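Residue numbers (the numbering used here): 189 to 394. See below for the structure under consideration.
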């Protein structure tokens, strides 16, 4: 079941307890920048049991506002997510902007076997950065007659203005249930993502 829905988060799922795999590269990355932008990024993670709560919450948020059929059974399935019998992997692509659905028609492979994502969803992550210069002190100057005399031990502090910047990250996530220990368990083993224009995004076990 594929879920594609807008979510608003403050924190990335990367804050969960996960194992992140080494990004090897993208063949002909320049051609992919046409679809995803110059600064696009990708991640592949394997979620640990202690990191599932964040994923469950995100998926429940998604189905609760979607028009998916069978949402009650999906809710139950998500609640029972476990790493006891299956490994759970998460592939994320973070483009510069939102992209067309046609640009997200990826194929996935591990050990030469095709993988099909169980869920996919879009996250709109808003990040606010606040910067304050603090206080700046200026001396108090007293005038005596026609002469200005400055007393260096007397200062008045003036707060500086706040500088607030807001940025948005667009994250497309793909969740996989994979047979236990059947993918990314051996050193130098690779996970491949085949893009719609047949370039390959590769990750490797460190």
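Using N, Cα and C, we set each Cβ at its ideal position, and we do this for glycine too. These numbers were taken from a predicted model, which means no experiment stands behind them.
DSSP state of residue i mapped onto helix, strand, coil
i           : result
residue 249 : helix
residue 221 : helix
residue 196 : At residue 196, the pLDDT of 39 sits below 50, so the modelled position is not reliable; the number obtained from the coordinates is stated separately. DSSP places residue 196 in strand when its eight states are reduced to three.
residue 284 : coil
residue 209 : coil
residue 375 : coil
residue 277 : strand
residue 380 : strand
residue 370 : coil
residue 256 : coil
residue 303 : strand
residue 236 : coil
residue 226 : coil
residue 270 : coil
Residue i versus residue j: straight-line alpha-carbon distance, rounded
i           : j           : result
residue 230 : residue 282 : 6 Å
residue 376 : residue 290 : 31 Å
residue 285 : residue 394 : 30 Å
residue 261 : residue 245 : 16 Å
residue 315 : residue 215 : 30 Å
residue 274 : residue 227 : 33 Å
residue 303 : residue 311 : 22 Å
residue 222 : residue 288 : 12 Å
residue 207 : residue 243 : 14 Å
residue 265 : residue 353 : 39 Å
residue 317 : residue 250 : 26 Å
Expected contact under 8 Å - CB spacing of residue i and residue j to nearest Å
i           : j           : result
residue 276 : residue 364 : 7 Å
residue 313 : residue 356 : 7 Å
Reference residue i, options the options, closest by Cα
i           : options               : result
residue 268 : 241, 314 and 227      : 241
residue 382 : 313, 301, 295 and 311 : 295
residue 248 : 308, 228, 284 and 286 : 308
residue 300 : 272, 264, 379 and 317 : 379
residue 305 : 278, 316 and 318      : 278
residue 220 : 209, 256 and 292      : 292
residue 359 : 208, 224, 217 and 211 : 224
residue 270 : 251, 367 and 384      : 367
residue 235 : 372, 386 and 389      : 372
residue 212 : 243, 218 and 232      : 232
residue 362 : 280, 369 and 255      : 280
Min CB distance residue i to chain D below 7 Å
i           : result
residue 290 : Looking for chain D here will not work: only one protein chain is present.
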